[in-house]
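S.K.:
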Amino acid sequence: MLGAVETRSVSPVFVGRAGELTALTEALSRATAGEPQALLVGGEAGVGKTRLIEEFLDTACDRGAVVAVGGCVELGADGLPFAPFATALRSLRRKLPDELTAAADGQEGELARLLPELGDPGSHESSEEDSTARLFELTVRLLERLAADRTVVLVLEDLHWADTSTRHLLTYLLRTLRRGRIVVVASYRADDIHRRHPLRPLLAELDRLRTIRRIELSRFTRTEVHRQLTGILAAEPAPGLVEEVFERSDGNAFFVEELVVSHEAGCAPGQLSDSLRDLLLVRVEALPEDAQRVARIVAEGGSTVEYGLLAAVARLTEDELIEALRASVGANILLAVPDGDGDGYRFRHSLVREAVSDDLLPGERSRLNRRYAEALEADPTLVRPDERATRLATYWYHAHDPAKALPAVLRASVATRKRHAYAEQLRLLERAMELWDEAPAEIRRGLRPMDYAEAYPPCGCDPETTPLSYLDLLAEAAVAARLSGERERALKIGRMALHLLDSEDVNDPLRAAWFWTEKARLQSNLGRGDGSEEIARAQELVKGLPPSAVHAVVLVGAAGWGMLRNPGPEALTAAERAVEYARHVGAESIELNARLTLGTIMTAAGDVEAGLAEMHEVRERTTALGQFSEASRAHINISSSLEALGRSREAVEIADSGIRLARSYGLVDSVGWVEANRAESLFSLGRWDEVQEAAERLQRSATSTKPRGSASLRLAQLAAARGELEAATRLLADACSVYGTRDPIPQYTLPMAQVAIAVAAAEGRVRDVRAQLATAAEGGFPPGTHRYGWPLVLTAATAEADSRGLPAADEGRAEALALIRDCVRSLAAPAPVWAAHSQQVSQELARAEGRQSAARWTEIVAAYEPLERPAQLARARHRLADALLVEGGRREEAVALLREAHATAVRLGHRPLREDVELLAARARLSLAPEKQNPAPAEPGDDSFGLTPREQEVLRLVAAGRTNRQIAEELFISPKTASVHVSNILAKLGVAGRGEAAALAHRLHLLDVAI
């Protein structure tokens, strides 16, 4: 009987795929040379992905590489967290036991969350938001160390079944892997990746990484099918058979195999069903009854079923089971999967498993899942410890037994949280929410106590023994959703909890306050609002209650809100009280968070040294405690505060330290925030090329909206400063889109207004300049926002000065200057750099009114010289040179100033400043070349962009606001001729419109007489 079902359906000859195999082997060669490689192999089910990878792995083994393979597990609606990585690491541990132990030295507790054999992850309990990122970073470093002296090939199969945590870890690995002789190959079923499949956005993201190669397998051609048939049959196939199989299989390699088996079994073509499922079941139905039964059991047990578990569920004698397995393996339906802990069995192809599973009756499926669950409960050693809780929960869930499923699902959620697999924890908690009402009341009364929900206080008197309540479950789910990055889901769960609290006749202000604070946090992160109403509601709820961790969290939220939006006395008081409450209840992590906020507000309020000292203490303490997320936040706030004080070089040093810390612990989001601060300080220091590089890198890598918006904003500022107006406009629009409009924060809105004013001024849109300033001034300049207010006001004042004499700018000038002076009165100047800005604004206002003093500009130059602000110093030198030339008699001093300003402008790529300096030097007949002390007099027109005398006349009228017809009438020429002159002027000046031409003419004194 066994011989009747044994058949060779797999071709011993590897058919086609020469190009794809070459790509894989070339990647192996590059990896062996020390360049890490990553490849994605995609194709429809049955097209030959596994066979291609097997051929590649044979080659890799022949070349001495260490191979580790891990497959994603399809287990109901859930994947086992990190399943393919755990399997691959387990394989590496068997092959390289000493090397892996050495590579993991000191980090065994954290890495045990992936590979439990390394130690006890419970002894390194962590539930902070940075814990997952730290685990990811340690995993990458482990692989890099293992691949330092040998070539390692890591294969992750069936990504279409990957759990969320696996997808996140793979993304992190592929983005950060920089060293080691390692090849990462991941395969996925392309036809399963529908529009809403979770793998789809990951593939799109990985496509943008130039370090990853994607290989898509197509179906076989008729010639390749002929070769496959020849290999399977070990003989030349009949032409009719080739044609029939090719047409029926459409070139799918696996379907070719199934059709050959059917043909060899004597099935006529007409007897084969057109149904794919029926085709796949043909060979299963040819098995003996016991073998068919075992196949059905394996199909419902998951991707791989352990022999002991299978024996317990099948309830056959050992001889009967082995005979059934031999028949299934001999028919190429099941494969034996040996590993270090025992043997298991899986289907050779997942399509067959799916077909067998789909063919089960509903009652049959429930019964099999119940058997699996009962067997696992009776003997937990039948599966690995790291899989036990999740698989038991899944079996009971699909057995449709809420009384058993609810406790199992809740226990599994604790296990997944301890592995930092928050996305899988959320899925399990959502199942618990689904099962809650279906489970009997006595079962709910015996549930585990609450596991983890940060500062949320569990219901009941004794948190250690009180069973979980539905409200507690919602709190756990809300935190899991936020930690997994699913903020929308977290917000929805929070709303459910608040509705429950409102609808029930209960008075529970403490828990309600916690949920309102969570909602405020999520609303702000999602750009749905600033969270002020939610925070106010939470504060009202805790008012008068005894000190608690929730009270401290509410106050920290209020202080943080004020720090970003209105860092005044109320925010300071809230931060101080948060510190006090957190200390009182012994919540050190909340206390450190509050102290960091307090230090930031103190610095902004003028208590500089005390505020900085507070922040530095928090940085040192959080680092010592291993609270690296908060330590990174300390670097973010310290670097920002130093920049606000004009201490940009120190800010860059702190930012560099913060980036190193965040990267070493895998805090990708924190890296983005620190990078944004660093780019701002580099801009101040005049390291503009570095700004460009850093901001573009941040655009590609930022995972949060605010750092991504900051990258676009910094690039917009740089483009505006360099005179690239179209780019500045586009980048500013990008920043506005990212930041949104529902949560206006001064640190974003004021710099965006400054860029908008700069672009409008450069294009001669004086009315837009004034409108932008008026809008920005409406919100005022709260304490700590002077760093953004002074550049904005200076840009507006400069625009008014440059537009003096333009008829279009006369109307409303007095009101605009008055508004600028009002803004100046509300801005603090707590550091020398802002005092210098104040002086410069004053002189630009004087220039706007037709008066400027060389003596005052001399003071401004002296104020900027020690401050490491090259762009501002160069502009001040240009203004001083202009004033000296107007006053007369100090040409040598003026030329020295212009040469210094010109050198800075060239180095920075500051085109508007360079043009201003060159035009002023040309008008004054001064050479900017140091070696030419006595230049020959310039020819007429050299200082006017090549404009002819007639074009200069036309330009003067354009600047006065005349139309082409009015110009024609005044100069006694035709309107058409006037139009030609205007077009020539725009081309020579390199501007897009008449307003921009007028603005440039006034700014560069093109209409003035020579000095």
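Going by numbering that gives the first Met the number 0, 105 is the number at position 106 of the sequence shown; the sequence numbering is gapless.
Every residue, glycine too, gets a C-beta built ideally from N, C-alpha and C.
#1: Note the first and the last residue of the continuous alpha helix (DSSP H) segment covering Tyr787.
#2: For the stretch 200 to 219 against the stretch 43 to 53, are there 3 or more C-beta pairs whose distance is under 8 Å?
#3: Is the stretch 388 to 402 in contact with the stretch 320 to 331, if contact means three or more CB pairs nearer than 8 Å?
#4: State yes or no: is the C-beta of Thr728 within less than 9 Å of the C-beta of Val758?
#5: Quick check: what's the CA-CA separation for Val553 versus Glu533?
#6: Using DSSP's beta-bridge definition, name the partner residues of Leu155.
#7: Could you check which residue in Arg741, Arg536, Pro831 and Ala815 has the C-alpha nearest to that of Gly645?
#8: Mapping the DSSP letters down to three states, classify Asp289 as helix, strand or coil.
#9: At what residue ranges does the stretch 601 to 628 contain a whole run of the alpha helix (DSSP H), taking only runs of 4 or more?
#10: I'd like to know whether the C-beta atoms of Leu470 and Asp436 end up nearer to each other than 9 Å.
#11: Applying the criterion that 16 or more other CB atoms from any shown protein chain within 10 Å of the CB defines a buried residue, is Gly69 buried or exposed?
#12: Are the beta-carbon atoms belonging to Val578 and Arg594 less than 9 Å from one another?
#13: The alpha helix (DSSP H) with Val413 in it runs from where to where?
#14: Using C-beta distances below 7 Å, list every residue in its chain close to Val840, excluding the 5 sequence neighbours before and after it, in chain order.
#15: With DSSP as the reference, label Tyr455 as helix, strand or coil.
#16: How about Ala476 and Thr163: do their beta carbons lie closer than 9 Å?
#17: Check each candidate in Thr857, Ala37, Ile231 and Ala237 and name the one with the smallest Cα separation from Ala252.
#18: Once you ignore the five residues that flank Ser703 on each side, which residues in its own chain have a CB closer than 7 Å to its CB?
#19: If contacts are defined as beta-carbon pairs under 8 Å, then Ala633 and Met614 qualify, I think. What distance do you get, rounded to the angstrom?
#20: Go through its chain and collect everything with a Cβ distance to Arg576's Cβ below 6 Å, but skip five positions before and after it.
#21: In chain order, which continuous runs of the beta strand (DSSP E) of length 3 or greater are located wholly inside the stretch 200 to 280?
#22: Quick check: the Cα distance between Asp529 and Gly559, rounded to an integer number of angstroms?
#23: Between Glu423 and Glu429, what straight-line distance do the alpha-carbon atoms span, to the nearest angstrom?
#24: Beta-carbon separation of Asp378 and Arg295 under 9 Å?
#25: Whole angstroms are fine: how far does the CA of Ala323 sit from the CA of Gly105?
#26: Please say whether Glu136 and Arg662 have beta carbons closer to each other than 9 Å?
#27: Sort Arg812, Gly708 and Pro568 by Cα distance to Gly526 and report the nearest one.
#28: Tell me the DSSP secondary structure of Pro337 in three-state form.
#29: Are the CB atoms of Val14 and Glu223 nearer to each other than 9 Å?
#30: CB-CB under 6 Å to Ala643, same chain, minus the five flanking residues each way: which ones, in chain order?
#31: Express the C-alpha separation of Glu695 and Leu712 in angstroms, rounding to a whole number.
#32: Assign Ala17 to one of two classes, buried (16 or more other C-beta atoms within 10 Å of its C-beta) or exposed (fewer than that).
#33: Have a look at Asn983, Val151, Ala761 and Ser680 and flag the residue whose alpha-carbon is nearest the alpha-carbon of Ala870.
#34: Note down the Cα distance separating Val297 from Val72, rounded to an integer number of angstroms.
#35: Nearest CA to the CA of Pro448: which residue from Pro406, Glu487, Glu485 and Leu427?
#36: Classify His498 as buried or exposed, calling it buried when 16 or more other Cβ atoms lie within 10 Å of its own Cβ.
M.R.: Reading it off the structure:
#1: As a position in the sequence shown, residue 787 is number 788, starting the count at 1. First-last of the alpha helix (DSSP H) with Tyr787: His785 to Asp801.
#2: Look at the beta carbons and you see the stretch 200 to 219 touching the stretch 43 to 53: at least three pairs across the two are nearer than 8 Å.
#3: Not touching, per the Cβ criterion.
#4: On the sequence shown, position 729 is the one that residue 728 refers to. On the sequence shown, position 759 is the one that residue 758 refers to. Contact flag set, yes.
#5: Stepping through the sequence shown from its first residue, residue 553 is reached at position 554. Stepping through the sequence shown from its first residue, residue 533 is reached at position 534. For the pair Val553 and Glu533, the Cα-to-Cα distance works out to about 10 Å.
#6: By one-based count along the sequence shown, residue 155 stands at place 156. Paired residue(s): Gly69 and Ala185.
#7: Position 646 of the sequence shown, counted from the first residue, corresponds to residue 645. With distances taken between CA atoms, Gly645 lies nearest to Pro831 out of Arg741, Arg536, Pro831 and Ala815.
#8: By 1-based counting over the sequence shown, the position of residue 289 is 290. Residue state for Asp289 is assigned as helix, using DSSP reduced to three classes.
#9: For the stretch 601 to 628, whole alpha helix (DSSP H) runs of length 4 or above, ordered along the chain, are 607 to 624.
#10: If you number the sequence shown from 1, residue 470 lands on position 471. If you number the sequence shown from 1, residue 436 lands on position 437. With contacts defined as CB atoms closer than 9 Å, Leu470 and Asp436 fail to qualify as a contacting pair.
#11: Counted from its first residue, the sequence shown places residue 69 at position 70. Gly69 should be labelled buried.
#12: Translated into positions along the sequence shown, residue 578 becomes position 579. Translated into positions along the sequence shown, residue 594 becomes position 595. Taking 9 Å as the Cβ cut-off, Val578 and Arg594 qualify as a contacting pair.
#13: As a first step, residue 413 is located in the sequence shown; it is residue number 414 there, counting from the start. Where Val413 is concerned, the enclosing alpha helix (DSSP H) stretches over Pro401 to Lys417.
#14: For the purposes of this step, residue 840 is taken as residue 841 along the sequence shown, with counting starting at 1. Answer for Val840: Val792, Leu793, Ala796 and Val823, listed in chain order.
#15: Taking the sequence shown and counting its residues from 1, one reaches residue 455 at position 456. Coil, per DSSP.
#16: The residue you call residue 476 lines up with position 477 of the sequence shown. The residue you call residue 163 lines up with position 164 of the sequence shown. In this structure, Thr163 does not lie closer than 9 Å to Ala476 by Cβ.
#17: Within the sequence shown, residue 252 is the residue found at index 253, counting from 1. Out of Thr857, Ala37, Ile231 and Ala237, Ile231 has the C-alpha closest to the C-alpha of Ala252.
#18: As a first step, residue 703 is located in the sequence shown; it is residue number 704 there, counting from the start. Counting only Cβ-Cβ distances below 7 Å, and skipping sequence neighbours, we find Asp668 and Gly671.
#19: By 1-based counting over the sequence shown, the position of residue 633 is 634. By 1-based counting over the sequence shown, the position of residue 614 is 615. Under the criterion of beta carbons closer than 8 Å, Ala633 and Met614 qualify as touching, at roughly 6 Å.
#20: For the purposes of this step, residue 576 is taken as the residue at position 577 of the sequence shown. In the same chain as Arg576, and ignoring 5 residues on each side of it, the C-beta atoms closer than 6 Å to its own belong to Leu554, in chain order.
#21: Correct list: 211 to 215.
#22: The residue you call residue 529 lines up with position 530 of the sequence shown. The residue you call residue 559 lines up with position 560 of the sequence shown. Those two C-alpha atoms are separated by around 11 Å.
#23: As a working note, residue 423 is residue 424 in the sequence shown. As a working note, residue 429 is residue 430 in the sequence shown. Their backbone Cα atoms lie some 10 Å apart in a straight line.
#24: If you number the sequence shown from 1, residue 378 lands on position 379. If you number the sequence shown from 1, residue 295 lands on position 296. Between Asp378 and Arg295, the C-beta spacing is not below 9 Å.
#25: Position 106 of the sequence shown, counted from the start, is the residue given in the question as residue 105. Position 324 of the sequence shown, counted from the start, is the residue given in the question as residue 323. C-alpha separation (whole angstroms): 47 Å.
#26: Here residue 662 refers to the residue found at position 663 when the sequence shown is read from its first residue. Here residue 136 refers to the residue found at position 137 when the sequence shown is read from its first residue. Cβ atoms of Arg662 and Glu136: closer than 9 Å.
#27: Your numbering for residue 526 matches position 527 in the sequence shown. Relative to the Cα of Gly526, the nearest Cα in the group Arg812, Gly708 and Pro568 belongs to Gly708.
#28: Stepping through the sequence shown from its first residue, residue 337 is reached at position 338. Strand, per DSSP.
#29: As a first step, residue 14 is located in the sequence shown; it is residue number 15 there, counting from the start. As a first step, residue 223 is located in the sequence shown; it is residue number 224 there, counting from the start. Between Val14 and Glu223, the gap from beta carbon to beta carbon is short of 9 Å.
#30: Residue numbering aside, residue 643 sits at position 644 when the sequence shown is read from its first letter. Leaving aside the five residues that flank Ala643 on each side, the residues in its chain whose CB is nearer than 6 Å to its CB run, in chain order, Arg786.
#31: As a first step, residue 712 must be located in the sequence shown, where it is residue number 713. As a first step, residue 695 must be located in the sequence shown, where it is residue number 696. Leu712 and Glu695 have their alpha carbons spaced roughly 11 Å apart.
#32: Position 18 of the sequence shown, counted from the start, is the residue given in the question as residue 17. By the 10 Å Cβ count, Ala17 comes out exposed.
#33: Here the question's residue 870 lines up with position 871 in the sequence shown. Its Cα nearest to that of Ala870, the residue Ser680 stands out among Asn983, Val151, Ala761 and Ser680.
#34: Against the sequence shown, residue 297 aligns to sequence position 298. Against the sequence shown, residue 72 aligns to sequence position 73. About 13 Å.
#35: Within the sequence shown, numbered from 1, the residue matching residue 448 stands at position 449. Selected option, being the one with the closest Cα: Pro406.
#36: If you number the sequence shown from 1, residue 498 lands on position 499. Around the beta carbon of His498, fewer than 16 other beta carbons sit within 10 angstroms, so the residue counts as exposed.
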